[in-house]
Amino acid sequence: MPRFAVLEHTGAPDDPAGLHYDLLLEQGPRCRTWRLPTIPVPGGPDVVAIELSPHRLAWLDHEAGDVSGGRGFARRIDAGAYALTAVADSEASRPVVVHITLHGERFSGELMLSKHADQWLARLAGPHTP
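If you want the numbering used here, it's the position in the sequence shown, counting the first as 1, plus 425.
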């Protein structure tokens, strides 16, 4: 199963709020990554998710430390495995809805990432019951 991680990222110079979360999903030799202003709450509202450039796989094992280039501090708040459960798209090469099941210590459940126009949204459906 591919891995995921959620990092709390503080002090990033391009983040006016001073705190955000990075959701990383292992995909081949890199991690597909989204910046979240807050953590989605099971059954709660959608959270805006900004897709970032792919990150190195090393971030999946990162526990805590400075981000190179003076880009703040990142610490892992959860990690585990995930399963891709569905992908729906409007064009063959451009997914617009991605459903995954997270199996982490803190986050476990169905996560839906959906793209509307140029904006991604994240929603956590709730605990996964095997």
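Ideal placement from N, C-alpha and C gives every residue a C-beta, glycine not left out.
Residues of its chain near residue i, where Cβ-Cβ distance is below 6 Å and the 5 sequence neighbours each way are ignored
i: Leu509; result: Ile525
i: Glu488; result: Arg501
i: Arg455; result: Pro479
i: Ile475; result: Arg460
i: Ala513; result: Val522
i: Ala499; result: Leu432, His434 and Val492
i: Pro462; result: His445
Between the CA atoms of residue j and residue i - distance to the nearest angstrom
i: Gly529; j: Ala504; result: 5 Å
i: Arg501; j: Val522; result: 26 Å
i: Asp491; j: Glu433; result: 12 Å
i: Gly471; j: His541; result: Rather than Gly, the amino acid found at residue 471 in this sequence is Asp. Approximately 12 Å between the Cα atoms of the pair.
i: Thr435; j: Ala483; result: 19 Å
i: Gly453; j: Ser493; result: 23 Å
i: Met426; j: Asp440; result: 32 Å
i: Ala511; j: Leu444; result: 30 Å
Sequence-distant residues of the same chain with beta carbon closer than 8 Å to residue i, five excluded per side
i: Val431; result: Tyr446, Asp447, Leu448, Leu449, Ile464, Arg501, Ile502, Asp503, Ala504, Gly529, Arg531 and Phe532
Beta-carbon contacts of residue i that lie in its chain and below 7 Å, excluding the five residues immediately before and after
i: Arg496; result: Ala437 and Pro438
i: Gln544; result: Val473
i: Arg457; result: Leu450 and Pro479
i: Leu485; result: Arg428, Ala430, Leu449, Glu451, Cys456 and Ala504
Where residue i sits in the DSSP three-state scheme
i: Ala513; result: strand
i: Pro555; result: Confidence in Pro555 is poor, its pLDDT being 34 and thus under 50, which makes the residue's placement too unreliable to answer from.
i: Ala547; result: strand
Per-residue burial, residue i [other beta carbons within 10 Å of its own, 16 or more giving buried]
i: Leu536; result: buried
i: Ala547; result: buried
i: Ala442; result: exposed
i: Leu538; result: buried
Distance cut-off 7 Å: residue i Cβ against heavy atoms of the ligand GDP
i: Val431; result: Absent from the structure shown: the ligand GDP. Ligands present: none.
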